[in-house]
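Q: Just dropping this structure here.
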Amino acid sequence: TFEKFRKTSRVSVDIGGTLIKVVYSSVMDDELPEEKNGQKRKYAYEDGKRVLVNFKKFTDLDRLINFLREVWTDRKAGDVIHCTGGGSYKYSEIIMKELGVRLQRTDEMRSLIYGVNFLLSTNVDESFTYHHDAIGLNKFQYRPIAADLIYPFLLVNIGTGISILKVDSPTSYERVGGSSMGGGTFMGLGSLLTPAQNFDELLEMANKGDHRNVDKLVSDIYGGSYDELKLKADLIAGSMAKCNRFGETPKKQVHKPEDIAKSLLLMVSNNIGQMAYLYGTRYNLKRIYFGGYFIRQDPITMRTLSFAINYWSRGEIEALYLKHEGYLGAMGSFLDEEG
Ligand code: ADP
């Protein structure tokens, strides 16, 4: 590890309903190899020195504080920790006390937009469209965008819950909607309905499952497609509707957790896709960026969202994903000077 050659110079945290995201910069005294995992490293520069921007997530505050104590060794009383998300209110006292620094809060929506704006305007490979039927790396098509063409767009941030923002410029935006059926719902119901022990296990299960064993499809009801309404045979008519055991005594659960997890993931992401499409049309926006830690660049999630947007808009609206999907707020707070 190269930690010993680094000096932390700037720290921001985004404390949400589930995860704590940290962005921190390290000034390099020594040079790191030019490549990491086959990709060229990107540096920023501060006073002529190379600065590396790091991204990390935590599931609890104690771990975050221990980590920051370890990497931010030369912090002083006057130093600032940038902070956003609900925890920037709830935990401000503890953070200041434990780290002995000042806390500068950035509004959550402002952080999100600042983050997206910065990432889109500086990173050519930040945003991409997803094409499930393409082969290998062709599934991901990068969509660099000129700084003057970025606005307007719709931002759908899928965290514990969902926020939907109509964004006209870095300083002009509005939270136009949201939903409580987001990543927290997927995890909560997944934890109730399957033996999965964490998010990754649940997602892995979903990727192995077959939802047709638990969902009622149009074909289960009509015997085939329902042509008058142009409903295809394999369309989901009722999520988890095959799990109904009312009338059976004793009730027997006959479904595989993998199938339930898949159905759950489809239910949540189909719903988000349809909602995103409706907001996109309502405000006449042609690009929808999806952010938040829920996405995890998962193939089922991205396929479902892209399919919904493409299908309903007849190809008029584009669903775009972001490489730093989970760190938009933390990134924006990191950059914010005013607080
Ligand atoms: P928030 O700011 O509300 O915490 P995030 O954007 O961090 O929102 O997303 C949280 C969601 O991300 C969780 O509800 C869960 O669905 C998903 N998620 C992805 N990976 C993980 C993980 N390793 N641990 C917990 N949740 C995860």
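End of the sequence shown = 1131 in this note's numbering, gap-free, step of one. Backbone N, C-alpha and C define an ideal beta-carbon position, used for all residues, glycine too.
For residue 828, name the three-state secondary structure that DSSP assigns.
A: strand
Q: When burial is assigned at 16 or more other CB atoms within 10 Å of the CB, is residue 924 buried or exposed?
A: exposed
Q: Need the endpoints of the alpha helix (DSSP H) that residue 992 sits in, please.
A: 991-1000
Q: Within 7 angstroms: the Cβ of residue 992 and any heavy atom of the ligand ADP?
A: Flag set: Cβ of residue 992 near the ligand ADP.
Q: May I ask you to check if the CB of residue 881 is nearer than 7 angstroms to at least one heavy atom of the ligand ADP?
A: no
Q: Along the chain, where does the beta strand (DSSP E) that runs through residue 1120 open and close?
A: Here residue 1120 belongs to no beta strand (DSSP E); instead the alpha helix (DSSP H) covers 1120-1127.
Q: Could you give the uninterrupted runs of the alpha helix (DSSP H) lying entirely in the stretch 837-903, keeping only those of 4 residues or more?
A: For the stretch 837-903, whole alpha helix (DSSP H) runs of length 4 or above, ordered along the chain, are 853-863, 879-882 and 884-891.
Q: Specify, as a first and last residue, the run of the beta strand (DSSP E) that residue 947 falls within.
A: Looking at the DSSP string, the run of the beta strand (DSSP E) that includes residue 947 is 945-950.
Q: Should residue 833 be counted as a contact of the ligand ADP given a C-beta to heavy atom distance under 7 angstroms?
A: no
Q: Looking at the secondary structure, which residues open and close the beta strand (DSSP E) in which residue 1140 lies?
A: This structure cannot settle anything about residue 1140, because the visible part of the chain is limited to 793 through 1131.
Q: Roughly how many angstroms separate the alpha carbons of residue 1089 and residue 1117, rounded to a whole number?
A: 8 angstroms
Q: Using DSSP's beta-bridge definition, name the partner residues of residue 965.
A: As a beta-bridge residue in DSSP terms, residue 965 pairs with 959.
Q: Assuming residue 1057 and residue 1092 form a contact by the criterion Cβ under 8 angstroms, report the distance between their Cβ atoms to the nearest whole angstrom.
A: 6 angstroms
Q: Quick one: grab the DSSP three-state call for residue 988.
A: coil
Q: Bridge partners for residue 971 per DSSP, in chain order?
A: 954, per the DSSP bridge assignment.
Q: I'd like the list of long-range same chain contacts for residue 1096, defined as Cβ closer than 7 angstroms, with 5 residues on each side in sequence excluded.
A: 1058, 1061, 1062 and 1065
Q: Quick one: what does DSSP say residue 1026 is sitting in, helix, strand or coil?
A: coil
Q: Alpha carbon to alpha carbon, what distance is there between residue 1047 and residue 1025?
A: Rounded to whole angstroms, residue 1025 to residue 1047 spans 22 angstroms at the Cα level.
Q: Given this structure, state the Cα-to-Cα distance separating residue 922 from residue 1101, to the nearest angstrom.
A: 12 angstroms
Q: How far does the alpha helix (DSSP H) with residue 804 in it reach, from first residue to last?
A: Taken as a continuous stretch (DSSP letters only), residue 804 belongs to no alpha helix (DSSP H), being part of the beta strand (DSSP E) at 798-807.
Q: Give every residue of the same chain whose Cβ lies closer than 6 angstroms to the Cβ of residue 830, excluding the five residues on either side of it in the sequence, and list them in chain order.
A: none
Q: If contact is defined by three or more beta carbon pairs under 8 angstroms, each pair taking one atom from either stretch, is the stretch 799-817 in contact with the stretch 864-882?
A: yes
Q: Taking the beta carbon of residue 839 as the centre, do at least 16 other beta carbons fall within 10 Å, making it buried, or is it exposed?
A: exposed
Q: Kindly indicate the opening and closing residues of the alpha helix (DSSP H) around residue 1069.
A: 1049-1074
Q: If I measure Cβ to Cβ from residue 1054 and keep anything under 6 angstroms in the same chain, skipping five residues before and after, which residues do I get?
A: Cβ neighbours of residue 1054 beyond the five flanking positions: 998, 1001 and 1003.
Q: Report the three-state DSSP secondary structure of residue 1033 (helix, strand or coil).
A: helix
Q: At a cut-off of 7 angstroms, would you count residue 902 as near the ligand ADP, judging by its Cβ distance to the nearest heavy atom?
A: It does not: the Cβ of residue 902 is nowhere closer than 7 angstroms to a heavy atom of the ligand ADP.
Q: Can you tell me where the alpha helix (DSSP H) with residue 1017 in it begins and where it stops?
A: That residue, residue 1017, is in no alpha helix (DSSP H); it is neither H nor E in DSSP.
Q: Classify residue 828 as buried or exposed, calling it buried when 16 or more other Cβ atoms lie within 10 Å of its own Cβ.
A: exposed
Q: Does residue 953 pass the burial test, meaning 16 or more other C-beta atoms within 10 Å, or should it be called exposed?
A: buried
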